[in-house]
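Number of protein chains: 2
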Amino acid sequence: MEELTERKSKILNIIIQNYLETGEPVGSRTISKYPDLNFSPATIRNEMADLEEMGYIIQPHASAGRIPSDKGYRFYVDGLIAEKDREITEIKDVMFERTERMEQVLKQVVKVLANNTQYATMISAPAISGTKVKFVQLSPVNEHQLLSVVMMSGNIVKNKLIELDNPLTAEETLKLNMLLNSSLNGLTIGDINLALISQMKSQAGEFEDIIEQVLKTVADTIEDEEGLEIYTSGATNIFKYPELSDSQRAKNFIEAFEEKEELKDLIADIEGAAEGEPGTGIQVYIGDESPIGSMKDCSVVTATYELGDGIKGTVGIIGPKRMDYKNVMDNLTSIKKKLEQIVKG
Amino acid sequence: MEELTERKSKILNIIIQNYLETGEPVGSRTISKYPDLNFSPATIRNEMADLEEMGYIIQPHASAGRIPSDKGYRFYVDGLIAEKDREITEIKDVMFERTERMEQVLKQVVKVLANNTQYATMISAPAISGTKVKFVQLSPVNEHQLLSVVMMSGNIVKNKLIELDNPLTAEETLKLNMLLNSSLNGLTIGDINLALISQMKSQAGEFEDIIEQVLKTVADTIEDEEGLEIYTSGATNIFKYPELSDSQRAKNFIEAFEEKEELKDLIADIEGAAEGEPGTGIQVYIGDESPIGSMKDCSVVTATYELGDGIKGTVGIIGPKRMDYKNVMDNLTSIKKKLEQIVKG
DNA sequence: GTTAGCACTCGAATAGTTGGAGTGCTAATA
DNA sequence: TATTAGCACTCCAACTATTCGAGTGCTAAC
Numbered sequence: 141m142e143e144l145t146e147r148k149s150k151i152l153n154i155i156i157q158n159y160l161e162t163g164e165p166v167g168s169r170t171i172s173k174y175p176d177l178n179f180s181p182a183t184i185r186n187e188m189a190d191l192e193e194m195g196y197i198i199q200p201h202a203s204a205g206r207i208p209s210d211k212g213y214r215f216y217v218d219g220l221i222a223e224k225d226r227e228i229t230e231i232k233d234v235m236f237e238r239t240e241r242m243e244q245v246l247k248q249v250v251k252v253l254a255n256n257t258q259y260a261t262m263i264s265a266p267a268i269s270g271t272k273v274k275f276v277q278l279s280p281v282n283e284h285q286l287l288s289v290v291m292m293s294g295n296i297v298k299n300k301l302i303e304l305d306n307p308l309t310a311e312e313t314l315k316l317n318m319l320l321n322s323s324l325n326g327l328t329i330g331d332i333n334l335a336l337i338s339q340m341k342s343q344a345g346e347f348e349d350i351i352e353q354v355l356k357t358v359a360d361t362i363e364d365e366e367g368l369e370i371y372t373s374g375a376t377n378i379f380k381y382p383e384l385s386d387s388q389r390a391k392n393f394i395e396a397f398e399e400k401e402e403l404k405d406l407i408a409d410i411e412g413a414a415e416g417e418p419g420t421g422i423q424v425y426i427g428d429e430s431p432i433g434s435m436k437d438c439s440v441v442t443a444t445y446e447l448g449d450g451i452k453g454t455v456g457i458i459g460p461k462r463m464d465y466k467n468v469m470d471n472l473t474s475i476k477k478k479l480e481q482i483v484k485g
Numbered sequence: 141m142e143e144l145t146e147r148k149s150k151i152l153n154i155i156i157q158n159y160l161e162t163g164e165p166v167g168s169r170t171i172s173k174y175p176d177l178n179f180s181p182a183t184i185r186n187e188m189a190d191l192e193e194m195g196y197i198i199q200p201h202a203s204a205g206r207i208p209s210d211k212g213y214r215f216y217v218d219g220l221i222a223e224k225d226r227e228i229t230e231i232k233d234v235m236f237e238r239t240e241r242m243e244q245v246l247k248q249v250v251k252v253l254a255n256n257t258q259y260a261t262m263i264s265a266p267a268i269s270g271t272k273v274k275f276v277q278l279s280p281v282n283e284h285q286l287l288s289v290v291m292m293s294g295n296i297v298k299n300k301l302i303e304l305d306n307p308l309t310a311e312e313t314l315k316l317n318m319l320l321n322s323s324l325n326g327l328t329i330g331d332i333n334l335a336l337i338s339q340m341k342s343q344a345g346e347f348e349d350i351i352e353q354v355l356k357t358v359a360d361t362i363e364d365e366e367g368l369e370i371y372t373s374g375a376t377n378i379f380k381y382p383e384l385s386d387s388q389r390a391k392n393f394i395e396a397f398e399e400k401e402e403l404k405d406l407i408a409d410i411e412g413a414a415e416g417e418p419g420t421g422i423q424v425y426i427g428d429e430s431p432i433g434s435m436k437d438c439s440v441v442t443a444t445y446e447l448g449d450g451i452k453g454t455v456g457i458i459g460p461k462r463m464d465y466k467n468v469m470d471n472l473t474s475i476k477k478k479l480e481q482i483v484k485g
């Protein structure tokens, strides 16, 4: 593939930036008016014809200006990522109060992000696959109910009520608690195997039922979380972009956003892609690059955040291809940092 | 206001039913073809003119058929509510597995409901204003952290991490637990007043800080919940109804649905209205009757469910005015029953 | 290599045209 | 008196020109 001359690349960038702002196809006249490009429209036209031939821009119809193709966007975005050691613009108004409820934080983050950027946003709760049991506690609620509390690393807490056939004495409860904690603490789900389970059961004697249920809680907890909670916000922002807001498209988009099933695929894809490279953790999908059909007219920009212990999640923005990539990337980088601080902080 | 003759009311019902099915204005010819109405279109037209004058139907434009007015829908719906000792159609596929996490149940309920009815649905988590403290437990996680678990009636469990300056001994923890439980059990938020608080603090001696934090947790818990969690599903179903799916309307609707602020107003309104009358607990808002502006072209049908102890929530459906009221009401009644059984069950 | 000029293309917007569905009214009928 | 047939009228929706302007590609001149 031929290199772009400097002038071509300048023109291409102008086309893209202009299109990002206006959403209208860009004509040669418009470009020729830019101060650092002192050529007549005709010259520009020649260059544009070249750029089109090379696949960077597209003419939506014969007598219209040009708009960027996916390849054109890709060129632009790659340029941005390259110069991405820019100063970070602070996210305003995110009050990361120290709630232990990650959920609340995440909900707030997507909301603020959607507000800041005016695109649709999503965030996945940290997947806790590699997570360890930090703490287990059984507490009698009344004669027939036992509350089991399980805390995993990342301070994720889950509760489950266990129904009792026969009441437990305080002493028995204590014993079970000790057994559970000494056996489970520091283990990941993978570590809890059949051998361990049967060993615990035999130690629990007549209370093996309870052990069984607690383990089920642990498993549920993890599975629950593995079910990959995703929070979204600002889906309706797409109505702000005419090229996306016709009824059919909007329906598909919002549906995908509401149901979240497809978003899960997307996130799986992203986290897979993020695996290898260290870098900024920022991924960009343009148009068809995204695995979601209903988003083939969109761009997806995501950042993967890590909370240590292999716990990580993804935060992202979905908007029109003509999105303000610069601003979006800054926002995401900033959020990624904040999230990573919360846990350490 | 004059009574409707039997023939007029028959015609009105036919107009509404036909419009519910087709979404198209209904003309006199169409009506005259109904088997139990052997009159010529001309006669029907006369009756229709009367009905229009009385405000039950509307002509969207001069040479179109008639569509029901809000008043017309009201007439129809009132008729339905009156005959509402019908058999209940079972909700298919709702697997109310006994998760203690009400949240999961509610999420599932709205989803199923949206699927069943093909309208947009919402459900509010039970408000726990009148709720009592059932159980409090402090557990040391490590030297610097204490996990407080508070369970309220309705089996709502909340956790909060408390940061410790100095580690607690097992004995001290035990004492605090006893103090908390004996002092708080069975109390509602209203019962926890200043006198009680200072009394507890003095009993706790040097640990008054911890008491303070636990009480804060209780307050938070309740406030959190008072913040009225609302789950929604099927917002995009409105795209199925052409009369609602133009861009502007859809945007407003889905926005209101996503942000949920307005839904809260709606639910407050509903629960206020449901206060007095026992009845079926079913409320119907038609068009402007609803407090939400963006839903003035919709109907809202809701049921209030009660879990005892004054804990109650609302489940509802929002769709076009031409909604299948009968089916919707049946569904809601059925869900109301199921929800009320869960707690007793 | 750059530019001016010009014919050409296409889409968006605007303005007619038509046809059908539905009405209201009047006069005839049972 | 209640019902019906007939008819002129209205209005919308769909379709078809028509126009206008923005933008192009090409060619010839600079």
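Chains as they are written, first to last, in our numbering: chain P, 141 to 485; chain S, 141 to 485. We put the beta carbon where it would ideally sit given N, CA and C, even for glycine.
Kindly list the residues whose CB is nearer than 6 angstroms to the CB of residue i, restricted to its own chain and excluding five residues on each side of it in sequence; keep chain order.
i	result
P/Lys436	Gly427 and Asp428
P/Ser439	Ile426, Lys461 and Met463
P/Met242	none
S/Asp233	In this prediction, S/Asp233 has a pLDDT of 33, which is less than 50 and means its spatial position is unreliable; nothing more can be read from the coordinates.
P/Asp405	Pro431
S/Glu240	Low local confidence applies: a pLDDT of 45 at S/Glu240 is under 50, so the model's placement there is unreliable, and no value is given.
Below 7 angstroms between beta carbons: does that hold for residue i and residue j?
i	j	result
S/Ala443	S/Ile422	yes
P/Leu287	P/Asn317	no
S/Asn325	S/Val273	yes
P/Leu314	P/Gln343	no
S/Ser474	S/Ile370	no
S/Ile407	S/Thr454	yes
P/Asn333	P/Val276	no
P/Ser385	S/Ser338	no
According to DSSP, simplified to helix, strand and coil, what is residue i?
i	result
P/Met292	strand
S/Lys400	coil
P/Met435	helix
P/Asp390	Residue identity differs from the one stated: residue 390 of chain P is Ala in this sequence, not Asp. Looking at P/Ala390 - three-state DSSP - the assignment turns out to be helix.
P/Phe179	coil
P/Tyr259	coil
S/Gly145	Before going further, note that residue 145 of chain S is Thr rather than Gly in the sequence given. Coil, per DSSP.
S/Thr444	strand
S/Asn325	coil
P/Tyr371	strand
P/Gln199	coil
S/Pro271	In the sequence under discussion, the amino acid at residue 271 of chain S is Thr, which differs from the Pro named in the question. Reduced to three states, the DSSP call for S/Thr271 is coil.
P/Arg462	coil
S/Pro280	strand
S/Gly219	helix
P/Asp233	Only weak support is given to the placement of P/Asp233: the predicted model assigns it a pLDDT of 33, under 50, and the question is left unresolved by the model.
P/Tyr425	strand
P/Ser264	strand
Tell me which same chain residues have a C-beta within less than 7 angstroms of the C-beta of residue i, skipping the five on either side of it?
i	result
S/Glu303	His284 and Gln285
S/Pro382	Gly163
P/Asp409	Pro431
Applying the criterion that 16 or more other CB atoms from any shown protein chain within 10 Å of the CB defines a buried residue, is residue i buried or exposed?
i	result
S/Leu447	buried
S/Asn392	buried
S/Pro266	buried
S/Leu479	buried
S/Asp305	exposed
S/Thr309	exposed
P/Leu301	buried
S/Arg226	Low confidence applies here, because S/Arg226 scores a pLDDT of 44, under 50, leaving its location unreliable; read the following figure in that light. Exposed.
P/Asn299	buried
P/Lys452	buried
S/Gln248	buried
Ignore the nearest five residues each way along the sequence and tell me which others in residue i's own chain have a CB closer than 8 angstroms to its CB.
i	result
P/Asp176	Lys150
P/Lys341	Glu348, Ile351 and Glu352
Practice task
Kindly confirm or deny that the segment 370-384 of chain S and the segment 259-278 of chain S touch, where touching means at least three C-beta pairs closer than 8 angstroms.
Solution key: yes
Exercise for the section: Count the CB pairs spanning the segment 204-213 of chain P and the segment 150-164 of chain P that are closer than 8 angstroms, and state whether there are at least three. Expected result: The segment 204-213 of chain P and the segment 150-164 of chain P touch, with no fewer than 3 CB-CB distances between them shorter than 8 angstroms.
Exercise for the section: Kindly confirm or deny that the segment 158-172 of chain S and the segment 192-206 of chain S touch, where touching means at least three C-beta pairs closer than 8 angstroms. Expected result: yes
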